[in-house]
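Down below is the structure, laid out as structure tokens.
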Amino acid sequence: MNIHAISRDTLSTLLEMAKSQHPLEFVALLIAEDGVLSDINLLPGTRLDERSASIFTDMIPLGMSFAGSAHSHPNGVIHPSDADISFFPRFGSCHLIIGYPYGPDDWQAFSRDGTPRGLEVLP
Ligand SMILES: [Zn+2]
91 MNIHAISRDT LSTLLEMAKS QHPLEFVALL IAEDGVLSDI NLLPGTRLDE RSASIFTDMI
151 PLGMSFAGSA HSHPNGVIHP SDADISFFPR FGSCHLIIGY PYGPDDWQAF SRDGTPRGLE
211 VLP
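What follows is the structure in structure tokens.
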């Protein structure tokens, strides 16, 4: 599936979640409809902490498939870590990193290999 956009509601929900979780890291998986990221899937019982991006991968039920992911970097560095780059390919093709202070422009989308990519925000 080719992801080309995210809905504004989904993006602002992600920014709010990242903000409310600060200074801990927040992770969510994203579901797309017609190429638009439009839904957030938080698995029940997910424990969020600074290492959640790597712990998280062990908690995904087999057979679930996702369009992408979103997670926060409380240190404000909007760049994928080595752990992120090994995490991305397992969960779809479009991965958002949201950085402190979680304002409307404090995020970037990356492709599965960690390269920055464009992502349209739909009204
Ligand atoms: Zn990260």
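Just so we're aligned: the sequence shown equals residues 91 to 213 in our numbering. The C-beta atom is built at its ideal place from N, Cα and C for all residues, glycine as well. On a predicted model such as this, the values are computed, not experimentally measured, just so you know.
Taking non-hydrogen atoms of ligand 1 into account, the C-beta of Pro-170 is found less than 7 Å away from one of them. If one requires a minimum length of 3 residues, the beta strand (DSSP E) runs lying completely within the region 170–200 are 184–189, 197–200, in chain order.
For Ile-187, the distance from the CB to the nearest heavy atom of ligand 1 is below 7 Å.
For Leu-127, the uninterrupted beta strand (DSSP E) run begins and ends at 126–131, by DSSP. The distance from the Cβ of His-161 to that of Phe-116 is about 6 Å, consistent with a contact at the 8 Å cut-off. Using a cutoff of 7 Å, the CB of Asp-174 counts as near ligand 1, since one of the ligand's heavy atoms is closer than that. In the structure shown, Ser-110 adopts helical secondary structure according to DSSP, grouped into three states.
Asp-203 is positioned such that its CB atom lies no closer than 8 Å to that of Ile-168.
Sequence-distant partners of Gly-189 (beyond 5 residues in either direction) whose C-beta falls short of 6 Å from its own C-beta, in its chain, are His-163, Gly-166, Ile-168, Asp-196. As DSSP reads the structure, Ala-118 sits in a beta bridge with Ala-160. Between ligand 1 and the CB of His-163, the shortest heavy atom gap is smaller than 7 Å.
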